[in-house]
Every structure is written in structure tokens, then in C-alpha cells.
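**Q**
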Amino acid sequence: MYDIIGDIHSCHDEFIELLIKLGYLWIPNRFSMFHPDKRKVVLVGDITDRGWHPASVFQFVENMIEDGNLLMVKGNHDDKLQRYAKGNNVKLLHGLDLTVERMEQAGISNERIFNFCNKLPHFLVLDGGKLIVVHAAWKDKYIDEDPFGKRVRSWCIFGPIAGQSASGMPNRIDWAKDRINKTPIVVHGHQPIREVRCINGVWNIDTGCAFGGALTALGYPEMDIISINAKQVYCQREGRWGYGEET
Ligand code: MN
């Protein structure tokens, strides 16, 4: 009933190709798709920056949500875009510069961007509580918290970090390794990995498309994995891949 998709990061072509592979069809005369079996797309957040087509992805996702065929949680890049659109002084780094430029060219106002981002929850509880979708990290005790609340924001969209690496990137803690429960199933993105990983009921499906990896969908409840390889490297990875030593 759901196709959960990893960090898109402006990779419009791979996103559309993935949806076609999953059986989604175009709605006539509209930049939006639907599934004949009424499946819904669920995004783990981070739809813009890094890649080259942020405005197309934004418009497509906006339409899909409006049509009731897509749900999405907020990622750290969506949060930063929201703060930019609000008028906050944010640094135009990590691809946000191109996002802002393309949004302006496409005539997408800051008000429209803000309203879009402001409606995104920090986590989604689906299938009667059997499935959690979140951008970066999850705590099982959050299930009764307000998904839009401040209490869950930092953990859900940035996850736990421990200082910085020598290159100045945050050291992300492998929180899923220490999870005691195996349920509900948790699906997230945020940390690029070479292959989808499932540990303690936690699935990381961010296979780093913008960095030349792949865009991955996890079908729920089937738990099957379908990927589209990146057409090229859109952005050089500064931090590490996965949870090991590889940088
Ligand atoms: Mn990301």
C-alpha cells in the first residue's frame, strides 16, 4: 500500500523513472501521477538541494500531495528551505543556492515554499502504528508526541551527532544499532549508504542518488526494494557513506 522513497535531492529524472517502474501512471494534463492499485508514495524528506532539478521535484511533489497520492516527512534540507523562505538568515550552502535560483526562475514564491514546508510533519505513523517514517532518527517513546512539535524536531530531522570529523562534517551516531525494540518498523533516510540496510527493524533507504548512488523505493508491506541508478554524480559527497570507515 505504500512505496517509501529515499532522499530525492532534486533528482527529478530518477524519481519519475522510479515511479514508472513501480507502476505509477501520469494523470492526464497534470504534472502528477497515481497508482492504479491506490498505492501511495511516502517520502523520507530532503526533496531539494544537491541535484539539479529542485523546482520540478518541488512542483511534482506539491501536486502529488494535493491529489492525495503522496505523504512526506520533513528532512533537514526541507527545514532549512523553510527557514530561508521565512526570511531567516541561512547560508546558501550544500545546493541551497541552486534551489533558490531555480525556485525563483520557476516563479515559486517564498510564501508558497514556506506553506509547503510548514505542513510537513517530523514523523508519520502509518498502518495503525506498525510503520513509522522519519527523516533521520527515531525514538519509540515519540509515538504519542505531536509530530509537528519542537520536542521531536531535532532528533527526527537531524538525528544524534557526536562532535565533528576532521573534515568538519558532523559525526552521526548509528542510533539504530542500539534500538531495543524490533517493532514498529521504522523507515528513514538522511545517511547515504551503498546498500539498503535493515537493523533492529530500522530501514535506511537513502542510497545517495545525488552523490551518484541510486534512488530507492521500499514497498510496504511487501518490503521489496526497487532502485534506479543515478544517471551521474550530481554532487560530490563530502561526508562518509554508511556507518563504517568508508568516507
Ligand atoms: Mn539528505
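Start counting the sequence shown at 12; every next residue gets the next number (our numbering). Think of the CB as a built atom: it goes at the ideal place given N, C-alpha and C, for glycine as much as any other residue. Please read these numbers as outputs of a predicted model, since none were measured by experiment.
With H, G and I counted as helix, E and B as strand and the rest as coil, what does DSSP make of Leu30?
**A** Taking the sequence shown and counting its residues from 1, the one referred to as residue 30 is at position 19. In this structure, Leu30 counts as helix in the three-state DSSP scheme.
**Q** Starting from the Cα of Tyr13, find the closest Cα among Phe127, Trp166, Pro39 and Val198 and give me that residue.
**A** Position 2 of the sequence shown holds residue 13. When each option's Cα is compared against that of Tyr13, the closest is Val198.
**Q** Quick check on the burial criterion: 16 or more other C-beta atoms within 10 angstroms. Buried or exposed for Gln175?
**A** Walking along the sequence shown from the start, residue 175 turns up at place 164. That one is exposed.
**Q** Please classify Glu122 as buried or exposed, where buried requires at least 16 neighbouring CB atoms within 10 angstroms.
**A** In the sequence shown, counting from the first residue as 1, residue 122 sits at position 111. By the C-beta density criterion, Glu122 is exposed, having fewer than 16 other C-beta atoms within 10 angstroms.
**Q** Rounded to a whole number of angstroms, what is the C-alpha to C-alpha distance between Phe125 and Arg94?
**A** Within the sequence shown, numbered from 1, the residue matching residue 125 stands at position 114. Within the sequence shown, numbered from 1, the residue matching residue 94 stands at position 83. Roughly 8 Å between the two C-alpha positions.
**Q** Between Met44 and Asn80, which are expected to be in contact by the criterion C-beta below 8 Å, what is the C-beta distance as a whole number of angstroms?
**A** The sequence position of residue 44 within the sequence shown is 33, counting from 1. The sequence position of residue 80 within the sequence shown is 69, counting from 1. At roughly 7 Å, the Cβ-Cβ gap stays under 8 Å, so Met44 and Asn80 are in contact.
**Q** If I'm right that Asp217 touches Gly200 with Cβ under 8 Å, what's the distance once you round it to whole angstroms?
**A** Here residue 217 corresponds to residue number 206 of the sequence shown, with the count starting at 1. Here residue 200 corresponds to residue number 189 of the sequence shown, with the count starting at 1. So it is a contact: roughly 4 Å between Cβ atoms.
**Q** Taking Gly271 as the reference, which of Gly250, Val144, Gly139 and Arg113 has the closest Cα?
**A** Outside the shown range of the chain (12 to 258) lies residue 271, about which nothing can therefore be said.
**Q** Does the stretch 63–73 come within contact of the stretch 14–23, defined as at least 3 CB pairs closer than 8 Å?
**A** The stretch 63–73 is in contact with the stretch 14–23.
**Q** Buried or exposed: where does Val52 fall if 16 or more other Cβ atoms within 10 Å of its Cβ makes it buried?
**A** As a position in the sequence shown, residue 52 is number 41, starting the count at 1. With 16 or more other Cβ atoms within 10 Å, it is buried.
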